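S.K.:
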Amino acid sequence: MGALYMPIDFRPAQASDAHDIARFFQLTSEGMADYIWSKLAAPGETLLSVGASRYAREQGDFSYKNCLMATFEGRVIGMMHSYALRETPDRPVETDPVLAPYSDMEIPDTLYISSLALDEAWPWMRPGAVRGWASSFFATPSSAQRTLAWMDCA
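Under the UniProt record's numbering, the first residue of the sequence shown is numbered 1, with each subsequent residue one higher.
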């Protein structure tokens, strides 16, 4: 019996994807997204709402502009979030004991893939989705810069 072929499409995220992006971060971050968002939430504001607001932004590392969405038949089924880590000499030292280990792992002038998520209903698609994200990611206009950053991570 041959392999089942289900075409997954990959596209840059849009501001309207912010809720899905936040949902995927909650799914993959093992509580870290909720921890961060709880520090930013106004009284009565849901954590998912805080996350969606962050990803709806036009600027910053945690913007929808740093996400690539996986879709199947028009439905969002996955997401990759990444951004270039830049050297910032005056960057404050992270003192939060939960966040500090993550900060210590960041290497300037590399590509940081902070989340790679696929909807729980699609576990059998994971290997194909990862290959698709990689090929879509490196086919973008800034692929030369991203390739260099990717190689620096090796």
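C-beta atoms are modelled at their ideal positions from N, C-alpha and C, and glycine is treated no differently. Given the structure is predicted, the values throughout are model-derived calculations rather than measurements.
#1: If ALA100 and GLU106 are in contact, beta carbons under 8 Å, what's the gap, nearest whole angstrom?
#2: For PRO92, decide whether its Cβ has a neighbour in chain D, counting only Cβ atoms nearer than 8 Å.
#3: What is the residue span of the alpha helix (DSSP H) that TYR35 lies within?
#4: Compute the Euclidean distance between the alpha carbons of GLY51 and GLY60, then round it to the nearest angstrom.
#5: Please look up how many angstroms separate the CB atoms of TYR55 and ALA18, rounded, as I've assumed it's under 8 Å.
#6: If we count the other Cβ atoms within 10 Å of its Cβ and call it buried at 16 or more, is ALA42 buried or exposed?
#7: Should VAL76 go down as buried or exposed, given a rule of 16 or more other Cβ atoms within 10 Å for buried?
#8: Measure from the alpha carbon of MET80 to the alpha carbon of each residue in SER103, ILE113, SER29, then state which is nearest.
#9: At which residues does the alpha helix (DSSP H) containing ALA84 begin and terminate?
#10: May I have the straight-line CA-CA distance separating GLN14 from THR28, to the nearest angstrom?
#11: Going by other Cβ atoms of all chains shown within 10 Å of its Cβ, with 16 needed for buried, is SER16 buried or exposed?
#12: Go to residue 176, then tell me how far its alpha helix (DSSP H) extends in each direction, as first and last residue.
M.R.: Well, looking at it:
#1: The residue you call residue 100 lines up with position 100 of the sequence shown. The residue you call residue 106 lines up with position 106 of the sequence shown. With a Cβ gap of about 11 Å, ALA100 and GLU106 do not count as contacting.
#2: Any reference to chain D falls outside this structure, which holds one protein chain only.
#3: As a first step, residue 35 is located in the sequence shown; it is residue number 35 there, counting from the start. TYR35 -> alpha helix (DSSP H) spans 32-40.
#4: Stepping through the sequence shown from its first residue, residue 51 is reached at position 51. Stepping through the sequence shown from its first residue, residue 60 is reached at position 60. Approximately 14 Å, taken between the alpha carbons.
#5: Walking along the sequence shown from the start, residue 55 turns up at place 55. Walking along the sequence shown from the start, residue 18 turns up at place 18. With 8 Å as the limit, TYR55 and ALA18 qualify as a contact, their Cβ atoms being about 4 Å apart.
#6: Your numbering for residue 42 matches position 42 in the sequence shown. Under this definition ALA42 is an exposed residue.
#7: For the purposes of this step, residue 76 is taken as residue 76 along the sequence shown, with counting starting at 1. Buried: at least 16 other Cβ atoms inside 10 Å.
#8: Along the sequence shown, read from residue 1 onward, the residue named residue 80 stands at position 80. Ranking the options by Cα distance to MET80, first place goes to ILE113.
#9: Position 84 of the sequence shown holds residue 84. Segment 75-85 is the beta strand (DSSP E) holding ALA84; no alpha helix (DSSP H) there.
#10: To locate residue 14, count along the sequence shown from 1; it is residue 14. To locate residue 28, count along the sequence shown from 1; it is residue 28. So the two alpha carbons sit approximately 20 Å from each other.
#11: For this step, residue 16 is matched to residue 16 along the sequence shown. That one is exposed.
#12: Because the chain here runs from 1 to 154, residue 176 falls outside it and cannot be looked at.
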